[in-house]
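Written out below as structure tokens is the structure these notes cover.
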Amino acid sequence: MKKSEWSDERIEKLLGQMPKLTDHRNPQDIHQNIAGKLGKRKRQAWLMPGLATAAALILFFILAPELLDWRSSPARDTNLESAERQNEGRQENKIALESNSRADKAEKNSQQESTADIQTNPEENNQNTFAAKGSDALSPLPERTAVYEDDLNGQELLTYALPADGGNNIVPISVLVANEEKKPWLDLYKKTAGQLMEETWGLDEYYPLKAELSMDETKRELTINFAADSQYGQGSRSEITIPEVLEQNFAGKVDTVILKTAGEPGLMLGNNGPLNEINLASAQSTGDHGYFFLNQDGRAQPLLVPSSKEYNTIDEAFIAMQKQSTEGNLIPSIPSHFEITPGEKNAKLLSVELKGSENNENAADLVYTVEAILLTAKDFGYEAVILKNDEVKSIGGFPVAEVINVPLGANKQNIRK
Numbered sequence: 001m002k003k004s005e006w007s008d009e010r011i012e013k014l015l016g017q018m019p020k021l022t023d024h025r026n027p028q029d030i031h032q033n034i035a036g037k038l039g040k041r042k043r044q045a046w047l048m049p050g051l052a053t054a055a056a057l058i059l060f061f062i063l064a065p066e067l068l069d070w071r072s073s074p075a076r077d078t079n080l081e082s083a084e085r086q087n088e089g090r091q092e093n094k095i096a097l098e099s100n101s102r103a104d105k106a107e108k109n110s111q112q113e114s115t116a117d118i119q120t121n122p123e124e125n126n127q128n129t130f131a132a133k134g135s136d137a138l139s140p141l142p143e144r145t146a147v148y149e150d151d152l153n154g155q156e157l158l159t160y161a162l163p164a165d166g167g168n169n170i171v172p173i174s175v176l177v178a179n180e181e182k183k184p185w186l187d188l189y190k191k192t193a194g195q196l197m198e199e200t201w202g203l204d205e206y207y208p209l210k211a212e213l214s215m216d217e218t219k220r221e222l223t224i225n226f227a228a229d230s231q232y233g234q235g236s237r238s239e240i241t242i243p244e245v246l247e248q249n250f251a252g253k254v255d256t257v258i259l260k261t262a263g264e265p266g267l268m269l270g271n272n273g274p275l276n277e278i279n280l281a282s283a284q285s286t287g288d289h290g291y292f293f294l295n296q297d298g299r300a301q302p303l304l305v306p307s308s309k310e311y312n313t314i315d316e317a318f319i320a321m322q323k324q325s326t327e328g329n330l331i332p333s334i335p336s337h338f339e340i341t342p343g344e345k346n347a348k349l350l351s352v353e354l355k356g357s358e359n360n361e362n363a364a365d366l367v368y369t370v371e372a373i374l375l376t377a378k379d380f381g382y383e384a385v386i387l388k389n390d391e392v393k394s395i396g397g398f399p400v401a402e403v404i405n406v407p408l409g410a411n412k413q414n415i416r417k
């Protein structure tokens with residue numbers, strides 16, 4: 001390309017030959033027009049973004065309260081709680097199904113193991129079953145007949161000795177009475193005597209006594225004033241019956257019983273003459289008796305009856321309780337094939353080894369045998385008994401090798417309301 005040969009002088013000369021242009025506008029006007037156009041261009045650069053920002057802010061302020069209200073509204077909470085409950089319900093159902101499935105499998109396995117145990121060793125199973133308290137599904141244990149400390153529940157225990165078989169046997173009956181009015185025990189005793197149901201129990205009607213009873217608390221002395229026409233001391237057995245009845249009724253409550261007839265000292269006891277008082281505080285009055293069974297027609301439970309005879313030792317009493325009694329209709333309370341051996345003794349606790357119970361055919365009735373042993377121990381002054389047997393864990397529902405407190409009274413019965 002050929003280099004241009006135009007010089008600055010030639011260019012100026014050519015420009016000077018061009019037509020002269022003249023602008024009659026005022027320089028200030030020109031400057032204002034140019035400045036105005038520049039201002040418009042600058043406003044166009046930020047106007048649209050500003051409008052968009054303003055619109056966004058307006059929308060935010062309009063919608064923000066509604067969003068905040070919804071987050072804290074009960075409807076939202078309800079929806080969330082409902083969703084959570086549904087989720088928890090699904091989880092619980094899943095867990096329950098899994099648990100039931102495991103329980104069913106465990107139950108089936110347990111049943112199979114139980115069946116196998118019975119088939120492989122039926123003799124051992126039978127021995128443990130009849131002895132376990134409340135666990136014998138085939139022959140459930142009968143209820144205990146005596147009154148124990150746990151039976152009180154704030155009630156008062158009253159004992160009434162009742163003749164049976166025309167006075168041949170004297171049966172102690174124990175009743176529990178609520179004493180909300182906090183009456184003296186003698187007032188409660190006299191009131192309750194009229195609520196006894198002797199005939200229902202298969203016993204002779206005897207109460208209330210045809211006599212006035214008064215108590216000297218200071219002397220622990222009870223006075224019984226019989227009516228002049230009373231027959232308590234008449235008859236072949238009555239002269240023996242009334243002292244035994246009074247002794248069983250009031251032993252532990254009073255020290256002395258004073259007897260009167262129509263205000264005069266003494267109660268006539270047939271050929272034995274008058275009886276003026278009974279000393280219940282003496283050692284001779286407490287007696288050491290063995291307890292036998294008295295069975296009655298139509299009654300599943302036997303009555304536990306103390307012997308009239310007193311024994312020198314509890315060993316002697318246990319031996320007698322395995323034999324037929326000569327007193328009325330009493331029968332043995334300890335099976336003859338049992339080996340009963342009183343062991344260690346102290347003033348309060350008696351240890352008794354009882355063998356043969358594991359082979360007893362009527363194991364459920366052992367509850368009565370054990371109660372007869374406990375009541376006999378109580379009569380000899382013991383407060384607790386330990387049964388021993390290496391073959392079973394319990395006898396008649398009573399635990400083996402554990403301390404068993406003696407009952408408070410025999411033959412618990414309900415009274416007429």
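So for the sequence shown, the working numbering puts the first residue at 1; every next one is plus one.
By construction, the Cβ of each residue, glycine as well, lies at the ideal position given by its N, Cα and C atoms.
**OP:** Between the Cα of Glu-247 and those of Glu-353, Ile-170 and Ile-404, spot the shortest distance and give me the residue it belongs to.
**Re:** Ile-170
Subject >> Of the listed residues Glu-198, Pro-184, Glu-180 and Asp-365, nearest to Met-215 (C-alpha basis) >> reply: Pro-184
Subject >> Coarse secondary structure for Leu-213, derived from DSSP in three states >> reply: strand
Original post:
Would DSSP call Glu-316 helix, strand or coil?
Top reply: helix
Original post:
Per DSSP, what kind of secondary structure is Pro-302 in: helix, strand or coil?
Top reply: coil
**OP:** With a threshold of 16 other CB atoms inside 10 Å of the CB of Gln-32, please say whether the residue is buried or exposed.
**Re:** exposed
Subject >> Endpoints, the beta strand (DSSP E) within which Tyr-160 is located >> reply: 156 to 164
**OP:** Just the C-alpha distance for Leu-203 and Gly-263, rounded to the nearest angstrom, thanks.
**Re:** 30 Å
Subject >> Sequence-distant residues of its chain with Cβ nearer than 6 Å to Ala-281 (five each side left out) >> reply: Asp-255
Subject >> Collapsed DSSP secondary structure at Lys-260 in the structure displayed >> reply: strand
Original post:
Between Ser-174, Gly-194, Leu-213 and Ala-211, which lies nearest to Glu-205 when the distance is taken from Cα to Cα?
Top reply: Gly-194
**OP:** Inspect the CB distances between the segment 266 to 278 and the segment 318 to 331 and report whether three or more fall short of 8 Å.
**Re:** no
Original post:
For Gly-343, does the count of other Cβ atoms within 10 angstroms reach 16, so buried, or fall short, so exposed?
Top reply: exposed
**OP:** For the segment 370 to 413, list the beta strand (DSSP E) runs that are entirely contained and at least 3 residues long, ordered along the chain.
**Re:** 384 to 388 and 403 to 405
Original post:
Is the segment 383 to 398 close to the segment 160 to 174, with three or more CB pairs under 8 Å?
Top reply: no
Original post:
Looking only at C-alpha atoms, which of Ile-314, Val-257, Pro-274 and Thr-341 sits nearest to Gly-290?
Top reply: Ile-314
Subject >> Contact check, Asn-249 vs Asp-288, beta carbons under 9 Å >> reply: no
Original post:
Using the C-alpha atoms, what's the distance from Leu-59 back to Pro-49?
Top reply: 15 Å
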